[in-house]
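>
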Amino acid sequence: MVAFKLGSNNKLLTVLYVIFLVLIFNAYDGETSNVAYFEAFKPVGNNAKKVAIIGAGVGGASTAYYLSKAFANSSVHLQTTIYERSFHIGGRCRALEIPYGNRTYVVEVGASIFIDVNYHMTNASKEFGFKFRKPPADMRVGIWDGEQFVFEESKWYYVNVLKILWKYGLAPMRVKNMTRDKVRRFLSVYNYPSPFTDIRSLSHALGLGNEPQHTAEHYLKNLNNVYHLYLSHFVEPATRVNYGSNLDDIHALGGFISLAPEGAKGVEGGNYQVMVEFVNRSGATVKLGNAVKKVRKISDYGKTKYEVVGSDEKAEVFDAVVLAAPIQFTNIHFENIKVNHLPEIPYRTLHVTFVIGRLNWKYFKHSSYESLPEYILTTKTSTKFNSIGTSHILPDGNAIIKIFSEKELMDGDLDELFERWSWVYRKVWKAYPQLLPNQTYPPVEIEDGFYYVNSFEPLISAMETEAVSGNNIARLIHERWEKFDIKAKL
1 MVAFKLGSNN
11 KLLTVLYVIF
21 LVLIFNAYDG
31 ETSNVAYFEA
41 FKPVGNNAKK
51 VAIIGAGVGG
61 ASTAYYLSKA
71 FANSSVHLQT
81 TIYERSFHIG
91 GRCRALEIPY
101 GNRTYVVEVG
111 ASIFIDVNYH
121 MTNASKEFGF
131 KFRKPPADMR
141 VGIWDGEQFV
151 FEESKWYYVN
161 VLKILWKYGL
171 APMRVKNMTR
181 DKVRRFLSVY
191 NYPSPFTDIR
201 SLSHALGLGN
211 EPQHTAEHYL
221 KNLNNVYHLY
231 LSHFVEPATR
241 VNYGSNLDDI
251 HALGGFISLA
261 PEGAKGVEGG
271 NYQVMVEFVN
281 RSGATVKLGN
291 AVKKVRKISD
301 YGKTKYEVVG
311 SDEKAEVFDA
321 VVLAAPIQFT
331 NIHFENIKVN
341 HLPEIPYRTL
351 HVTFVIGRLN
361 WKYFKHSSYE
371 SLPEYILTTK
381 TSTKFNSIGT
391 SHILPDGNAI
401 IKIFSEKELM
411 DGDLDELFER
421 WSWVYRKVWK
431 AYPQLLPNQT
441 YPPVEIEDGF
451 YYVNSFEPLI
461 SAMETEAVSG
471 NNIARLIHER
481 WEKFDIKAKL
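FYI, the UniProt record's numbering numbers position 221 of the sequence shown as 221, with every residue one higher than the one before it.
Right under this line is the structure:
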């Protein structure tokens with residue numbers, strides 16, 4: 001599959017899918033092999049090339065890393081500079097440390113999971129020597145509609161199986177099979193023979209050209225006659241926790257990606273560490289706290305180059321620029337670069353709230369605190385929050401709770417939701433794009449030598465797909481400069 005979602009909760013998504021689908025049907029056990037990667041090129045000459053990468057999130061960090069691998073055996077001497085306006089490597093991939101008692105707990109604010117078949121994130125984590133964390137298997141899930149639980153997981157395996165079969169029939173199996181098919185199709189991106197330059201053409205080449213054209217609701221309900229109650233009770237809660245979207249405002253591919261968390265895991269201590277290692281091992285010069293103010297295309301003896309000016313007011317000329325951030329949020333002045341025609345990718349505003357306390361079992365119409373499910377997902381009729389998940393159970397009976405919502409949860413809201421609470425952390429951000437159907441994709445290469453990592457996001461937004469895009473751009477640059485160097489030597 002593809003890990004998916006910058007800004008999701010690994011436990012919520014995993015438990016939803018594993019409990020409600022995989023309990024009944026065989027899990028996908030495919031492996032990603034023979035992944036298209038960089039082949040060693042024979043040295044053909046001596047020259048230097050400079051690349052500027054704007055943004056040190058997953059896309060920018062992975063681009064730097066794969067560029068360093070691509071040119072490891074090349075005569076082209078690569079010099080990479082990363083500009084990052086914050087003092088943080090990882091972009092939307094962020095961890096929060098919460099001191100409590102005599103220890104510190106780490107929670108993921110955004111970009112919580114990747115999965116086994118996410119080649120880049122999984123293999124990089126192994127190569128870098130990180131330990132994986134996986135969600136506990138004994139946590140229960142409930143689906144809340146704003147008034148009551150429409151489904152609650154039992155601690156008994158066979159009870160869950162019977163409840164699902166009785167209430168939803170074969171709908172879980174049908175959706176499971178469709179999801180497996182979409183995942184298999186996407187996995188062929190790793191064996192794609194050459195770097196891609198057009199996202200729509202890529203989706204068609206992968207056999208996924210139809211899914212982004214329809215809403216998940218239309219695709220599943222109208223085109224495939226999936227039982228509406230199953231869509232409402234299980235598929236939509238997955239899209240709500242994963243992308244903050246209901247089935248009528250997310251494309252079908254985004255819906256399937258929300259249902260594919262098999263083998264979900266993260267890195268102990270925070271997934272951002274993978275990005276830090278990407279950057280460290282790339283050998284790039286990193287300028288943290290240096291926001292790019294201007295990028296100007298210039299001609300240098302007939303060759304296209306780019307002058308980059310950071311907030312330090314220093315100008316530097318590069319042979320190529322990789323923009324690894326949503327262009328509308330950069331506040332960069334582009335000169336002689338055709339960016340005005342680019343389609344703007346709409347992003348979803350997400351409120352993430354961490355609370356230390358105990359949930360109010362009476363609010364959820366339960367008989368006791370202990371009987372509450374550890375993860376509460378919601379249907380679209382629940383307006384106060386999208387999901388509530390237990391990140392850590394604390395020794396004193398409290399818990400660290402993570403809440404996703406479309407609006408800010410004020411103290412009064414927390415008083416309703418919690419029996420008691422003592423600490424809160426709030427963050428609001430543009431967590432991920434709105435995966436709307438029939439979007440126009442930005443070009444991968446906006447101008448000659450000016451690349452856009454985030455052009456991939458309207459198709460699928462995740463840590464892994466940002467790494468896929470970064471790897472692809474590194475291949476494009478490598479292919480062009482190697483061919484140019486060979487041609488110049490003839």
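Using N, Cα and C, we set each Cβ at its ideal position, and we do this for glycine too.
As a quick exercise: from Ala315, Gly60, Ser201, Trp166, pick the residue whose alpha carbon is nearest that of Glu466.
By one-based count along the sequence shown, residue 466 stands at place 466. Of the candidates Ala315, Gly60, Ser201, Trp166, the one whose C-alpha sits nearest the C-alpha of Glu466 is Gly60.
> From Lys293, Ala137, His478, Leu208, pick the residue whose C-alpha is nearest to that of Phe334; which is it?
For the purposes of this step, residue 334 is taken as the residue at position 334 of the sequence shown. Checked all of Lys293, Ala137, His478, Leu208; the closest Cα to Phe334 is Lys293.
> Between which residues of its own chain and Glu217 is the CB-CB distance below 6 Å, once the five residues before and five after are set aside?
As a first step, residue 217 is located in the sequence shown; it is residue number 217 there, counting from the start. Result list for Glu217: Leu247, Asp248, in chain order.
> Using CA coordinates, which residue listed in Phe234, Val141, Ile82, Phe71 is at the minimum distance from Ala48?
In the sequence shown, the residue the question calls residue 48 occupies position 48. The candidate whose alpha carbon is nearest that of Ala48 is Phe71.
> Would Ile327 pass as a contact of Val295 if the rule is Cβ separation under 8 Å?
Here residue 327 refers to the residue found at position 327 when the sequence shown is read from its first residue. Here residue 295 refers to the residue found at position 295 when the sequence shown is read from its first residue. Going by C-beta atoms, Ile327 is not nearer than 8 Å to Val295.
> Quick check: is the beta carbon of Ile115 nearer than 8 Å to any beta carbon in chain D?
Absent here is chain D; the protein component of the structure consists of one chain.
> Contact between the region 267-275 and the region 126-138 is defined here as three or more beta-carbon pairs at a separation below 8 Å; is this criterion met?
Yes, since at least three Cβ pairs between the region 267-275 and the region 126-138 fall closer than 8 Å, the two stretches touch.
> Determine the direct distance from the alpha carbon of Asp145 to that of Arg240, and round the result to whole angstroms.
On the sequence shown, position 240 is the one that residue 240 refers to. On the sequence shown, position 145 is the one that residue 145 refers to. About 12 Å.
> Can you grab the Cα-Cα spacing for the pair His351 / Lys427, in whole Å?
Numbered from 1 along the sequence shown, position 351 holds the residue referred to as residue 351. Numbered from 1 along the sequence shown, position 427 holds the residue referred to as residue 427. If you take the alpha carbons of His351 and Lys427, they lie about 6 Å apart.
> Nearest by alpha-carbon distance to Gln148: which of Glu406, Ser382, Ser455, Ala399 is it?
What you label residue 148 is simply residue 148 of the sequence shown in a count that begins at 1. Nearest C-alpha to Gln148: Ser382.
> Three-state secondary structure (DSSP) at Pro237?
As a working mapping, residue 237 is identified with position 237 in the sequence shown. Residue state, collapsed to three classes: helix.
> Take Asp198 as the anchor and find which of Glu464, Pro458, His478, Ala462 has the nearest alpha-carbon.
Position 198 of the sequence shown holds residue 198. The option with the nearest alpha carbon to Asp198 is Pro458.
> Mind checking which residues open and close the beta strand (DSSP E) that includes Phe354?
The residue labelled residue 354 in the question sits at position 354 within the sequence shown. From DSSP, the beta strand (DSSP E) with Phe354 extends over 347-359.
> Where do the N-terminal and C-terminal ends of the beta strand (DSSP E) with Thr122 fall, by residue?
Position 122 of the sequence shown, counting from 1, holds the residue named residue 122. From DSSP, Thr122 is part of no beta strand (DSSP E) but of the alpha helix (DSSP H) over 119-127.
> In chain order, what residues of the same chain lie with their CB nearer than 6 Å to the CB of Gly142, ignoring the 5 residues before and after it?
Translated into positions along the sequence shown, residue 142 becomes position 142. Closer than 6 Å at the Cβ level, and outside the excluded window around Gly142, lie Phe149, Glu152, Pro373, Ile376.
> Would you check if the distance between the CB atom of Met275 and the CB atom of Ile89 is smaller than 8 Å?
Position 275 of the sequence shown, counted from the first residue, corresponds to residue 275. Position 89 of the sequence shown, counted from the first residue, corresponds to residue 89. The answer is yes: Cβ separation under 8 Å.
> Contact check, Asp319 vs Gly449 under 8 Å by CB: the rounded distance?
Within the sequence shown, numbered from 1, the residue matching residue 319 stands at position 319. Within the sequence shown, numbered from 1, the residue matching residue 449 stands at position 449. Yes, they are in contact, since the Cβ atoms of Asp319 and Gly449 sit about 6 Å apart, within 8 Å.
> Below 8 Å on the Cβ atoms is my guess for Met178 versus Phe256; work out the distance and round it to an integer in Å.
On the sequence shown, position 178 is the one that residue 178 refers to. On the sequence shown, position 256 is the one that residue 256 refers to. Correct: roughly 7 Å between the Cβ atoms.
> Determine which residues share a DSSP beta bridge with Lys305 and list them.
Taking the sequence shown and counting its residues from 1, one reaches residue 305 at position 305. According to DSSP, Lys305 bridges with Ile298.
> Below 8 Å, how does it come out for the region 119-126 and the region 85-104: are there three or more Cβ pairs, yes or no?
Judged by Cβ distances under 8 Å, the region 119-126 makes no contact with the region 85-104, as fewer than three pairs qualify.
> Rounded to whole angstroms, what's the CA-CA distance from Thr379 to Val309? Just pull it up for me.
What you label residue 379 is simply residue 379 of the sequence shown in a count that begins at 1. What you label residue 309 is simply residue 309 of the sequence shown in a count that begins at 1. Whole-angstrom Cα-Cα distance: 47 Å.
> What is the DSSP secondary structure of Ala70, counted as helix, strand or coil?
As a working note, residue 70 is residue 70 in the sequence shown. Note: Ala70 maps to helix in three-state DSSP.
> CA-CA distance, Ser391 and Asp413?
Position 391 of the sequence shown, counting from 1, holds the residue named residue 391. Position 413 of the sequence shown, counting from 1, holds the residue named residue 413. Ser391 and Asp413: Cα-Cα distance of roughly 20 Å.
> From Leu187 to His478, what does the alpha carbon distance come to, in whole angstroms?
The residue labelled residue 187 in the question sits at position 187 within the sequence shown. The residue labelled residue 478 in the question sits at position 478 within the sequence shown. Each residue's alpha carbon lies about 23 Å from the other.
> Is the beta carbon of Val279 less than 8 Å from the beta carbon of Ala56?
Taking the sequence shown and counting its residues from 1, one reaches residue 279 at position 279. Taking the sequence shown and counting its residues from 1, one reaches residue 56 at position 56. In this structure, Ala56 lies closer than 8 Å to Val279 by Cβ.
> Between Tyr219 and Ala252, how many whole angstroms is the CB-CB distance? I'm expecting something under 8 Å.
Residue mapping note: residue 219 aligns to position 219 of the sequence shown, counting from 1. Residue mapping note: residue 252 aligns to position 252 of the sequence shown, counting from 1. Between Ala252 and Tyr219 the Cβ distance is about 4 Å, and since that is below 8 Å, they are a contact.
> Out of curiosity, what's the CA-to-CA distance linking Tyr168 and Ile54?
On the sequence shown, position 168 is the one that residue 168 refers to. On the sequence shown, position 54 is the one that residue 54 refers to. One C-alpha to the other measures close to 48 Å.
> Starting from Val189, trace the beta strand (DSSP E) both ways and give me its first and last residue.
On the sequence shown, residue 189 is found 189 positions in, with the first residue counted as 1. Careful: Val189 lies outside any beta strand (DSSP E) and carries neither H nor E.
> Secondary structure at Ser391, three-state DSSP: helix, strand or coil?
Position 391 of the sequence shown holds residue 391. It is a strand residue.
> In three-state terms, what does DSSP make of residue 517?
Summary: the structure shown does not reach residue 517, with the chain confined to residues 1 through 490, and so no result is reported for it.
> Name the DSSP bridge partner or partners of Gly57?
Here residue 57 is taken as the residue at index 57 of the sequence shown, counted from 1. Its beta-bridge partners are Gly90.
> Go through its chain and collect everything with a Cβ distance to Glu445's Cβ below 8 Å, but skip five positions before and after it.
Position 445 of the sequence shown holds residue 445. So the qualifying residues of the chain are Thr197, Tyr451, Tyr452, Leu476.
> Under 8 Å Cβ to Cβ from Asn290, same chain only, skipping five residues before and after it: list those, please.
For the purposes of this step, residue 290 is identified with residue 290 of the sequence shown, where counting begins at 1. So the qualifying residues of the chain are Tyr83, Glu84, Arg85, Gly310, Ser311, Asp312.
> Tell me the rounded alpha-carbon separation between Asp176 and Ser367.
Looking up residue 176 in the sequence shown gives position 176. Looking up residue 367 in the sequence shown gives position 367. The sequence shown places Lys at residue 176, rather than the Asp named in the question. Looking at the two C-alpha atoms, the distance is approximately 34 Å.
> Threshold first: 3 residues or longer. Then list the beta strand (DSSP E) segments lying entirely within the region 133-171, N to C.
Complete beta strand (DSSP E) runs here, min 3: 141-144, 149-152.
> First and last residue of the alpha helix (DSSP H) that includes Ile257?
Position 257 of the sequence shown holds residue 257. Where Ile257 is concerned, the enclosing alpha helix (DSSP H) stretches over 252-258.
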